[in-house]
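Residue numbers -27 to -1, 1 to 95, in mature numbering (1 follows the signal peptide of the UniProt record, and there is no 0), belong to the letters of the sequence shown in order.
Glycine residues also receive a C-beta, built at the ideal position from the N, C-alpha and C atoms.
If you're wondering where the values come from, they're calculated on a predicted model, not measured in any experiment.
Working notes, structure below.
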Amino acid sequence: MLLRHRVGTLLIAMACACASMVASAHAILVDSTPAPNGTLSAGHQQLIFKYNSKIDQHRSRLVLVKPDHSETVLPIRVGSKANELDTSADLAPGSYTVRWQALALDGHITRGDVPFTVLARQ
Ligand SMILES: [Cu+2]
């Protein structure tokens, strides 16, 4: 009777630990270049999106929304850090957004927008 009770308690404790591990494996954007609402100079620029966990770079997506609202899928650089989506783009002055979609290793997809402004080179 006592043993059965202990096993039950142990299983509940393991389930909780597992659930919190899954929750923390979601890909959350922790840093980016450009920063949200930040600026970049016009020209060929590296764009870097850094997450709190490893992500599947082959099944994640970066879409650049240009000042005219047209959308371009940006090629994600293979071989970058496992917790980053890296790309580059030729940028003219104007208002842009990168629409990111990241697949974490737990199979969950998170999405977000990083709006930024490209300024003419001084
Ligand atoms: Cu998840």
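{"Asked": "Cβ-heavy atom distance, D79 to ligand 1, below 7 angstroms", "Found": "yes"}
{"Asked": "CB of V91 within 8 angstroms of CB of L64, strictly", "Found": "yes"}
{"Asked": "Contact test: A(-3) Cβ vs ligand 2 heavy atom, cutoff 7 angstroms", "Found": "In the structure on display, ligand 2 does not appear, and the ligands it does have are ligand 1."}
{"Asked": "Beta carbon of I21 nearer than 8 angstroms to that of A(-1)", "Found": "no"}
{"Asked": "Beta-carbon spacing of P48, Y69 below 8 angstroms", "Found": "no"}
{"Asked": "Spatial neighbours of V(-6) in its chain, beta-carbon cut-off 7 angstroms, leaving aside the 5 residues before and after", "Found": "Note on V(-6): pLDDT 49, under 50, position unreliable in the model; the coordinate value appears next. For V(-6), where only same-chain residues beyond five positions count, the Cβ hits under 7 angstroms are D79."}
{"Asked": "Pick from A62, L76, H81 that is closest to T6, judged by C-alpha positions", "Found": "A62"}
{"Asked": "Residue range of the unbroken beta strand (DSSP E) whose run includes A75", "Found": "67 to 76"}
{"Asked": "Given residue 99 as reference, the closest of Q19, W73, T83 once Cα atoms are compared", "Found": "As displayed, the chain neither begins before -27 nor continues past 95, which places residue 99 out of reach and without an answer."}
{"Asked": "For R94, the residue or residues it bridges with in DSSP", "Found": "Per DSSP, none; premise fails for R94."}
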